[in-house]
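Trainee: I am attaching a structure below and will ask some questions about it afterwards.
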Amino acid sequence: MGQSRSSYVALAVGVYYLLRNHGIDLKYRNLLVGFVLLAAVLFISTGAFKTTLFIRPYYAQSLVGLVHNPLGVGVGNFGFISTDPENWILRLSAPSQVVSNIVLEMISGIGILGIVFAFWFFKVALEIWQKKEPRSLVYRAIFLGLATNFFSM
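Residue numbers (the working numbering): 66 to 218.
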């Protein structure tokens, strides 16, 4: 309802994970496939008139900010990077107080040490994606859905 494309993608990722890694009863499989299709339709209809790159200058700003601030500016202080004209490339100059991406937030906040966080985050996500035990299935699907949402689109 809030027209957040990242929430639609997060829903699709969680449902896809359930379908891919676990034999879901045919009765529920149709329901889950319906959720994935609904998420895809909502994503396309919401995103049809929105561009991502030019309304999201903080992607480029955070990466350029890493060059100018290799030790970071402190987690939660992305505004310092975003308002610095030195970090505006390709006319991407709209300031933002938040980076809306967990990996870029950590990289801009703690600098090159954020690469360790990114490596850890992707390693944990990959481990969760590959697990097939049914005991913690819902928790893993929720983790993947939320992790996807942390990468706002």
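Virtual Cβ for every residue (Gly too), placed ideally from N, Cα, C. On a predicted model such as this, the values are computed, not experimentally measured, just so you know.
What residue does the alpha helix (DSSP H) around residue 205 start on, and which one ends it?
Mentor: Where residue 205 is concerned, the enclosing alpha helix (DSSP H) stretches over 202-214.
Trainee: Can you say whether residue 93 is buried or exposed, counting buried as having 16 or more other CB atoms within 10 angstroms of its CB?
Mentor: Exposed, by the Cβ-count rule.
Trainee: Hey, quick one: how far does the alpha helix (DSSP H) through residue 170 stretch, first residue to last?
Mentor: Residue 170 -> alpha helix (DSSP H) spans 167-175.
Trainee: Could you tell me whether the Cβ atoms of residue 76 and residue 104 are closer together than 7 Å?
Mentor: Yes, Cβ-Cβ distance for residue 76 and residue 104 is below 7 Å.
Trainee: Can you tell me where the alpha helix (DSSP H) holding residue 126 begins and where it ends?
Mentor: From DSSP, the alpha helix (DSSP H) with residue 126 extends over 123-133.
Trainee: For residue 170, count the other beta carbons within 10 Å of its own beta carbon; 16 or more makes it buried, fewer makes it exposed. Which is it?
Mentor: When all chains shown are included, residue 170 counts as buried.
Trainee: For residue 95, which option in 165, 200, 190, 80 has the closest C-alpha, if you only look at C-alpha atoms?
Mentor: Out of 165, 200, 190, 80, 80 has the C-alpha closest to the C-alpha of residue 95.
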